[in-house]
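Down below is the structure, laid out as C-alpha cells.
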Amino acid sequence: MTGSATISEAEAAKERPPGSLADIARRVSPAVVSLEVVKPGADSGEQGSGVVIDPRGYVLTNEHVVTAAVGDAAAKITAVFNDGTRTEAKIVGADQKTDLAVVKVNVTNPVVMQVGKSSELQVGDAVIAVGSPLALQNSITAGIVSAVDRPVTAGGDNGAAPVTYSAIQTDAAINHGNSGGALVDSTGALVGINSAIRSSSSDGGSIGIGFAIPSDYAMKIAKALIKDGKVKHADIGINAASTVAGSSTMGAQVRNVAPGGPAASAGVKEGDVITKVGDHVVRDSAELTVAVRSHDPGQVVPVQLARDGALLVVDVTLGSD
Numbered sequence: 000m001t002g003s004a005t006i007s008e009a010e011a012a013k014e015r016p017p018g019s020l021a022d023i024a025r026r027v028s029p030a031v032v033s034l035e036v037v038k039p040g041a042d043s044g045e046q047g048s049g050v051v052i053d054p055r056g057y058v059l060t061n062e063h064v065v066t067a068a069v070g071d072a073a074a075k076i077t078a079v080f081n082d083g084t085r086t087e088a089k090i091v092g093a094d095q096k097t098d099l100a101v102v103k104v105n106v107t108n109p110v111v112m113q114v115g116k117s118s119e120l121q122v123g124d125a126v127i128a129v130g131s132p133l134a135l136q137n138s139i140t141a142g143i144v145s146a147v148d149r150p151v152t153a154g155g156d157n158g159a160a161p162v163t164y165s166a167i168q169t170d171a172a173i174n175h176g177n178s179g180g181a182l183v184d185s186t187g188a189l190v191g192i193n194s195a196i197r198s199s200s201s202d203g204g205s206i207g208i209g210f211a212i213p214s215d216y217a218m219k220i221a222k223a224l225i226k227d228g229k230v231k232h233a234d235i236g237i238n239a240a241s242t243v244a245g246s247s248t249m250g251a252q253v254r255n256v257a258p259g260g261p262a263a264s265a266g267v268k269e270g271d272v273i274t275k276v277g278d279h280v281v282r283d284s285a286e287l288t289v290a291v292r293s294h295d296p297g298q299v300v301p302v303q304l305a306r307d308g309a310l311l312v313v314d315v316t317l318g319s320d
C-alpha cells in the first residue's frame, strides 16, 4: 500500500493546473512545427518555425523562412513536428510585403492551433512564444505584451526589400529560428506570428525586444494565400518620407505622386504632409504604410494632410500594388 501511495503521489505531482504555463505549452506545442529549407547542393539551409492553422495541413510561417524555396521547385522544405515526425512541405503562397507565407503538409489529423483575437490584447497581458530558436525545437519562452500597434520595419537583408507592419512587441525571448512560430495568449490561443527582434548586432540574440505580426492580420493574409496563392495590397500611389524631428507637423511628407494614381486623382500634391489615413494617425512613413495596408484595394478612405499651414481632408480611392 505504501508503494502504491508513493506512485500515486508522484503521478499527481506531474499534473499541472489548467491555464498554467506548463499546461499551455503542452497543448500548443503539437501545433507548432520546425521548418528546414535546403536548396539542391547546399550542405545546410534556412531554419525557422511554423504554425498549423487548418486541419487540411496548412502551416503559416514567415516568408523569409521559406524564401529560398520560393520559385525554386527543387528546394526542399521539411516540417518537423514536436513528436519527431518529419514530412515534406510545399509552398502554397508567399507574400514578401507582409513577410508571411503558407506551406502545406500531408499529415493525418494534425493538431490545429486555436486562433485568438489580437485586437483584444492589452499592454501587460501575458504571452508565450513557441518555436525552434537556434534549431532548438519545441522551445517555450514567456513574457508580456510590451506594446501593441508598433510600426516596425524589418528585413532588407541580402538585397531583399524591407518589410513594414504593425507589430505586437513582447519581452518574451525570441531568437533566430523563432521566426514563423507562435505567440499565444494566456488561454493558449494564437495572437501573433513571431517575426523579428531588435538586437545589439545583426547576428545577436534576444535583448527583450521581439515583434510578432498580429493574428488578425496574419490570418487575413493566410486566407488569401490559401485561396489565390498571392495577396493584393492597397496602394495610395505616392512615395513619402518621415518628417524630420522638430517639424511643425509630424507625418509622412509626400516626395512624389504617381501620375494618374489614387493620390493624384484625389488632389494630393508633392510636399503635402499626410497626418491621418482613415482612423489611423500617421506620424511617419512607416505608419503611413501600415495605415494604407490596413484597408482594401478599391476602398474610399479619407486622408488628412497638411498643406501651407492648413489641414485638408481628401477622399482617396485606394489602388492595388
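Residues in the sequence shown are numbered consecutively from 0, following numbering that gives the first Met the number 0. All residues carry an ideal CB built from backbone N, CA and C; glycine is no exception. Bear in mind that the values here come from a model prediction, so they are computed numbers and not experimental data.
Less than 7 Å divides the Cβ of A166 from the Cβ of V151.
Going by C-alpha positions, G180 is about 32 Å away from G318. If the five residues before and after G123 are omitted, its C-beta is found closer than 8 Å to the C-beta atoms of I143, V144, all from its own chain and listed in chain order.
As the crow flies, the alpha-carbon of G250 is around 5 Å from that of V281. By the CB criterion at 7 Å, D278 and V299 fall outside the cutoff. I208 sits in coil when the DSSP states are folded into three classes, being neither helix nor strand. Looking at the DSSP output, L182 bridges to A128, G191. Of H294, A285, A239, A217, the smallest CA-CA separation from V272 is found for A239. The continuous alpha helix (DSSP H) containing I225 extends over residues 214 to 227.
Just so you know, the alpha carbons of N61 and E14 end up roughly 34 Å apart. Looking at N108, T169, L133, the one whose alpha-carbon comes closest to that of Q121 is T169. Contact check between the segment 129 to 140 and the segment 96 to 107: fewer than three CB pairs, one atom from each, fall below 8 Å, which does not count as touching. Residue range 299 to 306 is occupied by the beta strand (DSSP E) that includes P301.
With respect to S33, V79 sits close: the two C-beta atoms are nearer than 7 Å. DSSP, read as helix, strand or coil, puts E35 in strand. Counting only residues of its own chain and dropping the five nearest sequence neighbours on each side, D71 has a CB closer than 7 Å to the CB of K38. Taking C-beta atoms as the reference points, V51 and A21 fail to come closer than 7 Å. Annotation: V69 to G154 spans about 17 Å, alpha carbon to alpha carbon.
A residue is called buried when at least 16 other Cβ atoms come within 10 angstroms of its Cβ; I139 meets this threshold and is buried. A straight-line Cα-Cα distance of about 19 Å links I235 and K229. Going by DSSP, P261 is part of the alpha helix (DSSP H) stretching over 261 to 265. Taking 7 Å as the cut-off, the beta carbon of V289 is found no closer than this to the beta carbon of E269. When rounded, the separation of the alpha-carbon atoms in A188 and P301 is 34 Å. In terms of CA proximity to K75, G40 leads the group D98, G83, M218, G40.
Taking the C-beta atoms as reference points, G47 is found no nearer than 7 Å to V58.
If you check the CB distance, V312 and Q303 come in under 7 Å. By the Cβ-count criterion, L310 is exposed, with fewer than 16 other Cβ atoms from all chains shown falling within 10 Å of its own Cβ.
P258 is not bridged by DSSP to any residue.
Its chain contains G236, V256, A257 as the residues whose beta carbon lies nearer than 7 Å to that of A263, once the 5 sequence neighbours on both sides are disregarded; these appear in chain order. Going by DSSP, S48 is part of the beta strand (DSSP E) stretching over 45 to 51.
For A285, the uninterrupted alpha helix (DSSP H) segment begins and ends at 284 to 292. In the structure shown, A21 falls within a helical segment according to DSSP collapsed to helix, strand and coil.
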